[in-house]
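Residue numbers (the working numbering): 517 to 580.
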């Protein structure tokens, strides 16, 4: 029995096993999702973490 899932973008029902784009229904929906991530529309909740640029700013302050 083939397992069916819904595409998270367009909600089309697609087969899981033989779908090369899973969990999406097509390359188009995969690219829409990728674009959403790159634009920052998806966020993981929690406190903002400092990146490498934050650390170098702290080091510059300490050297003064």
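All C-beta atoms in this analysis are idealised placements derived from N, C-alpha and C, irrespective of residue type, glycine included. It should be emphasised that the depicted structure is a prediction, and the values quoted were computed from it without experimental measurement.
- DSSP places residue 543 in the helix class (H, G or I) of the three-state scheme.
- In its chain, beyond the 5 residues on either side, 541 have a beta carbon closer than 8 Å to the beta carbon of residue 535.
- Residue pairing from DSSP places residue 520 in a beta bridge opposite 531.
- Here residue 526 is exposed. Its C-beta has fewer than 16 other C-beta atoms within 10 Å.
- Residue 548 carries a helical assignment under DSSP once its states are collapsed to helix, strand and coil.
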